Amino acid sequence: MPAYSWLCPGCGRQVPNRMEICRCGTSQADAVVIAPEPEGTQPATTAKSNVLSWVVLGTVTVIAAGTLLALQTGAIGAMGATGATGAIGAMGAIGATGADAGATGATGATGVMGASDATEPIAPDAPALIAPFAPIAPIAPALEDVVSRSIPAIVSVEAGQGRGSGFFAAPRTVITNRHVVQGDVSVTIRLSNGQAMPGRVESSSQEYDLAIVRVDSAPASQPVLPLGTVNEVRPGQEVLAIGLALGVFQNSVTRGIISAVRRANRTVMLQTDAAINPGNSGGPLLNRVGQVVGINTMKIAGAAESLGFAVAVDHARAMLTGGTQAGPLASSAQPGQTLAPAFTARSSTDVAREDGTRRYGQLVERIARRASQLDSYWERIKANCAVRAAPGYGREWFGLWDGRTTLTSADAWCGSAITELDGLAREVRMAMADAQEDARRAAVLPGQLRDIRRRHRMDWPGFD
Numbered sequence: 002m003p004a005y006s007w008l009c010p011g012c013g014r015q016v017p018n019r020m021e022i023c024r025c026g027t028s029q030a031d032a033v034v035i036a037p038e039p040e041g042t043q044p045a046t047t048a049k050s051n052v053l054s055w056v057v058l059g060t061v062t063v064i065a066a067g068t069l070l071a072l073q074t075g076a077i078g079a080m081g082a083t084g085a086t087g088a089i090g091a092m093g094a095i096g097a098t099g100a101d102a103g104a105t106g107a108t109g110a111t112g113v114m115g116a117s118d119a120t121e122p123i124a125p126d127a128p129a130l131i132a133p134f135a136p137i138a139p140i141a142p143a144l145e146d147v148v149s150r151s152i153p154a155i156v157s158v159e160a161g162q163g164r165g166s167g168f169f170a171a172p173r174t175v176i177t178n179r180h181v182v183q184g185d186v187s188v189t190i191r192l193s194n195g196q197a198m199p200g201r202v203e204s205s206s207q208e209y210d211l212a213i214v215r216v217d218s219a220p221a222s223q224p225v226l227p228l229g230t231v232n233e234v235r236p237g238q239e240v241l242a243i244g245l246a247l248g249v250f251q252n253s254v255t256r257g258i259i260s261a262v263r264r265a266n267r268t269v270m271l272q273t274d275a276a277i278n279p280g281n282s283g284g285p286l287l288n289r290v291g292q293v294v295g296i297n298t299m300k301i302a303g304a305a306e307s308l309g310f311a312v313a314v315d316h317a318r319a320m321l322t323g324g325t326q327a328g329p330l331a332s333s334a335q336p337g338q339t340l341a342p343a344f345t346a347r348s349s350t351d352v353a354r355e356d357g358t359r360r361y362g363q364l365v366e367r368i369a370r371r372a373s374q375l376d377s378y379w380e381r382i383k384a385n386c387a388v389r390a391a392p393g394y395g396r397e398w399f400g401l402w403d404g405r406t407t408l409t410s411a412d413a414w415c416g417s418a419i420t421e422l423d424g425l426a427r428e429v430r431m432a433m434a435d436a437q438e439d440a441r442r443a444a445v446l447p448g449q450l451r452d453i454r455r456r457h458r459m460d461w462p463g464f465d
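Numbering (this note's numbering), first residue to last: 2 to 465.
Shown next, in the form of structure tokens:
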């Protein structure tokens, strides 16, 4: 009977008789011809045939798994439609042994592999079919890198007796709070390196508590902070607050998250638990990539913990471009929608704030009438005694509370008069403290409180 295959002496493979050269390069002339077993006899079981059977079984299993995976990923076209070549290409080259096995008729694997031509070249490996990976989110820079890049653009703003924070949004333009400049036209801008330069208040908004300061002497290379938008702010987002804490500690950095995005009338506010200390007003609230998303404006003190607010930077951008409003500001919780629908109905907090503002105005007006009576007493003392009064307060005798107004006369009547005035002034101060506490409980905005006090000449730093 004719032989169907020959045994390659080089690699030990069984090679179809019609192939004159084995894949390892050995010629058929050097091979041992393997005659078929006589009919009715049981083929000898060898270790090599067992291995071949396992290879064929493994090949079939892999092909089945590959087909299932292709169906699941919608990439069934990537699987070879016919033959061992297609199966190997889809699965990433099973190997030479599997290819030979697919071509060996004695093992019965030819039908499984579908090899129509054993001499057909094997296709190059195709990429393995795997589930696509989700895109990798960009890695935010380290916090210390964000801070170090931002600090050169952050300044302190000195106006009258007060100090606050600000930042360069353009080489010669500083953004700060309106209450920091205190209505002054000329202010002093001090850089992080201590250099001082004059600034001129170009515009301000009482509604947004923002002011734009022009600094003509700033160098063209002055670092600036990029402006973000409230549209991309989400509750839980990490933020940094940088400023002049307590008016003394420059470049103080605190970290927190956005607690909520709120609206007070037409002003969009970012509520944060980042510590906003006195003196931080006007400083930037930064996101994790160093963009300004808000301008720090106030902290609710007292019973409330970690409750600070920043004005949305979109209001400042509108002022820089000559606009009066920030336009529609989208809520990040519902992209594409404005914040207005969420605040159309007046909440209980809004109602309490409005009532508290009205009540505070009435109390301050009544206290101011009492203070006006003490003004005449103070004028008598000034006319008869030598005193040193401190300017900058709503009334000169407010300086008795912090020691900036003192009596320099040794006259007994003058001493008695100052003592009596000090006692009466203490009553005014206590009444104002009660009014302040009532307003705080009603969540009245600090800017509104300042305006009411200024209107009645009741300005004093201790009331903030």
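Backbone N, C-alpha and C fix where the C-beta goes; we use that ideal spot for every residue, glycine too. A quick note: this is a predicted structure, and the numbers were derived from the prediction, not measured.
Report the option in Thr407, Ala154 and Glu239 whose CA atom is closest to the CA atom of Ala221. Here residue 221 is taken as the residue at index 220 of the sequence shown, counted from 1. Answer by Cα proximity: Ala154.
State the DSSP-derived secondary structure class of Ile453, mapped to helix, strand or coil. Locating residue 453 in the sequence shown gives position 452, where the first residue counts as 1. Assigned with DSSP and collapsed to three states, Ile453 falls in helix.
Note down the Cα distance separating Gly291 from Val147, rounded to an integer number of angstroms. If you number the sequence shown from 1, residue 291 lands on position 290. If you number the sequence shown from 1, residue 147 lands on position 146. So the alpha carbons of these two residues sit roughly 5 Å apart.
Cβ pair Val269, Asp315 closer than 8 Å: Your numbering for residue 269 matches position 268 in the sequence shown. Your numbering for residue 315 matches position 314 in the sequence shown. Contact: yes.
Anticipated Cβ contact below 8 Å, Thr293 with Tyr361, distance rounded: Here residue 293 refers to the residue found at position 292 of the sequence shown. Here residue 361 refers to the residue found at position 360 of the sequence shown. Note that residue 293 is Val in the sequence shown here, rather than Thr. Not really, about 31 Å apart at Cβ, beyond 8 Å.
Here's the rule I'm using: 16 or more other beta-carbon atoms within 10 Å means buried, otherwise exposed. How should Thr273 be labelled? As a working note, residue 273 is residue 272 in the sequence shown. With 16 or more other Cβ atoms within 10 Å, it is buried.
The beta strand (DSSP E) that contains Trp461, what's its start and end? Position 460 of the sequence shown holds residue 461. That residue, Trp461, is in no beta strand (DSSP E); it is neither H nor E in DSSP.
Separation of Cys386 from His457, as counted between CA atoms: In the sequence shown, the residue the question calls residue 457 occupies position 456. In the sequence shown, the residue the question calls residue 386 occupies position 385. Cα to Cα, His457 sits roughly 27 Å from Cys386.
Excluding five sequence neighbours on each side, which residues of the same chain lie with their C-beta closer than 8 Å to the C-beta of Leu228? On the sequence shown, residue 228 is found 227 positions in, with the first residue counted as 1. For Leu228, where only same-chain residues beyond five positions count, the Cβ hits under 8 Å are Ala170, Gln292, Val293, Val314, Ala317 and Arg318.
Does DSSP classify Arg150 as helix, strand or coil? For the purposes of this step, residue 150 is taken as residue 149 along the sequence shown, with counting starting at 1. Secondary structure at Arg150: helix, using DSSP grouped into helix, strand and coil.
Span separating the alpha-carbon of Thr406 from that of Leu425: If you number the sequence shown from 1, residue 406 lands on position 405. If you number the sequence shown from 1, residue 425 lands on position 424. Approximately 15 Å, taken between the alpha carbons.
Could you check the C-alpha separation between Thr255 and Ile277 for me, to the nearest Å? By one-based count along the sequence shown, residue 255 stands at place 254. By one-based count along the sequence shown, residue 277 stands at place 276. Counting only the Cα atoms, Ile277 lies some 8 Å from Thr255.
For a test of the three-state rule: what should DSSP assign to Ala334, helix, strand or coil? In the sequence shown, the residue the question calls residue 334 occupies position 333. Confidence in Ala334 is poor, its pLDDT being 37 and thus under 50, which makes the residue's placement unreliable; the coordinate value appears in the next sentence. Residue state, collapsed to three classes: coil.
Leaving aside the five residues before and after Gly284 along the sequence, list all residues of the same chain whose C-beta is less than 6 Å from its C-beta, in chain order. By one-based count along the sequence shown, residue 284 stands at place 283. Here the set comprises Ser166, Ile243, Gly244 and Asn297.
For Glu203, which of helix, strand or coil comes out of DSSP? One-based indexing of the sequence shown puts residue 203 at position 202. The answer is strand: DSSP assigns Glu203 an E or B state.
The alpha helix (DSSP H) with Thr420 in it runs from where to where? Counted from its first residue, the sequence shown places residue 420 at position 419. Thr420 -> alpha helix (DSSP H) spans Ala413 to Arg442.
Nearest neighbour of Tyr179, chosen from Tyr209, Gly404 and Ser157 [CA to CA]: Position 178 of the sequence shown, counted from the first residue, corresponds to residue 179. Note that residue 179 is Arg in the sequence shown, not Tyr. Of the listed residues, the one whose Cα sits closest to Arg179 is Tyr209.
Rounded to the nearest angstrom, what separates Ile131 and Leu58 at their Cα positions? The count along the sequence shown starts at 1 and reaches residue 131 at position 130. The count along the sequence shown starts at 1 and reaches residue 58 at position 57. For Ile131, the predicted model reports a pLDDT of 41, less than 50, meaning its position is unreliable; a value from the coordinates is still stated below. Inter-residue distance for Ile131 and Leu58 is about 23 Å (C-alpha atoms, whole angstroms).
With a threshold of 8 Å between beta-carbons, can Val186 be considered close to chain B, or not? No chain B is part of this structure, which consists of one protein chain only.
The alpha helix (DSSP H) enclosing Leu271, as first and last residue numbers: The residue given as residue 271 occupies position 270 in the sequence shown. Note, Leu271: premise wrong, no alpha helix (DSSP H); beta strand (DSSP E) at Thr268 to Thr273.
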